[in-house]
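First up is the structure itself, then whatever we jot down about it.
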Amino acid sequence: MELVPYLPSYGGYVRYLVGIVLTLLGGRYAIQALQGYLQRQQQAEAQPAPLRQREMDYDLAQTRMTKGVCPGCERAVEIKDGKTDFCPHCGLCLFDHCGRCNARKNAFARYCFSCGASALQPAAGDVPMPKPAVLL
């Protein structure tokens, strides 16, 4: 956007003054937006990890994991080493194990990549016990 043709020319001072004012206003807005973002991130990181993981958008989490970034705090995490299961910065669980085949899988995945079991199904050891029959 060019304001030069519309501003009077008093030795160029008006142009410089308008440029300085616009720069200050734009910078102030950018700083306030960044501070608001950082405050929201701190509030989100203060919540318990399981709650953060449940509230997180599936597609966003998958995209960030693909990029090697923690979905919770957006910091770089070494995911490809095969050892890192939690984010070292915020403690969010990144990888867990399948309840059926015990393969290491993405904690945000809806299904196991090895056996196709649903992540929402209880593990084999978590099957509820049947209630005892009541005799009358």
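Quick note: the sequence shown uses this note's numbering, first residue 39, plus one each step. Glycine residues also receive a C-beta, built at the ideal position from the N, C-alpha and C atoms.
For this session: Report all residues from its chain with a CB closer than 8 Å to the CB of A141; omit the five preceding and five following residues, and keep chain order.
Result: Position 103 of the sequence shown, counting from 1, holds the residue named residue 141. Excluding positions up to five away in sequence, the list reads H135, C150, F151, S152, C153.
For this session: Round the Cβ separation of C125 and V115 to the nearest angstrom and send it over; I've been treating them as touching at under 8 Å.
Result: Indexing the sequence shown from 1 puts residue 125 at position 87. Indexing the sequence shown from 1 puts residue 115 at position 77. Approximately 6 Å separates the beta-carbon atoms of C125 and V115; this is inside 8 Å, confirming the contact.
Exercise. Okay, do the region 79 to 92 and the region 102 to 115 touch, 3+ Cβ pairs below 8 Å being the bar?
Worked result: yes
Problem set entry | CA-to-CA distance, E83 to C128, given in whole angstroms | Indexing the sequence shown from 1 puts residue 128 at position 90. Indexing the sequence shown from 1 puts residue 83 at position 45. The alpha-carbon atoms of C128 and E83 are separated by roughly 7 Å.
Exercise. How would you call I69, buried or exposed, if buried means at least 16 neighbouring beta carbons within 10 angstroms?
Worked result: Position 31 of the sequence shown holds residue 69. Burial call: exposed.
Exercise. With C-beta atoms as the reference, is F133 less than 8 Å away from Q100?
Worked result: The sequence position of residue 133 within the sequence shown is 95, counting from 1. The sequence position of residue 100 within the sequence shown is 62, counting from 1. Contact flag unset, no.
Exercise. By Cβ distance, which residues of its chain are closer than 7 Å to R90, with the 5 residues on each side in sequence left out?
Worked result: Against the sequence shown, residue 90 aligns to sequence position 52. Contacts found: A82, G110, L130.
For this session: Compute the Euclidean distance between the alpha carbons of E93 and P86, then round it to the nearest angstrom.
Result: Within the sequence shown, numbered from 1, the residue matching residue 93 stands at position 55. Within the sequence shown, numbered from 1, the residue matching residue 86 stands at position 48. Straight-line Cα distance between these residues: approximately 11 Å.
For this session: Quickly, what does DSSP pair N144 with across the bridge? List them, please.
Result: Translated into positions along the sequence shown, residue 144 becomes position 106. DSSP, once it has assigned bridges, lists F133 as partnering N144.
For this session: Determine the DSSP secondary structure at P170, reduced to helix, strand or coil.
Result: As a first step, residue 170 must be located in the sequence shown, where it is residue number 132. For P170, the predicted structure reports a pLDDT of 46, less than 50, and the residue's modelled location is therefore unreliable. A value from the coordinates is still provided. Coil at P170, not helix or strand.
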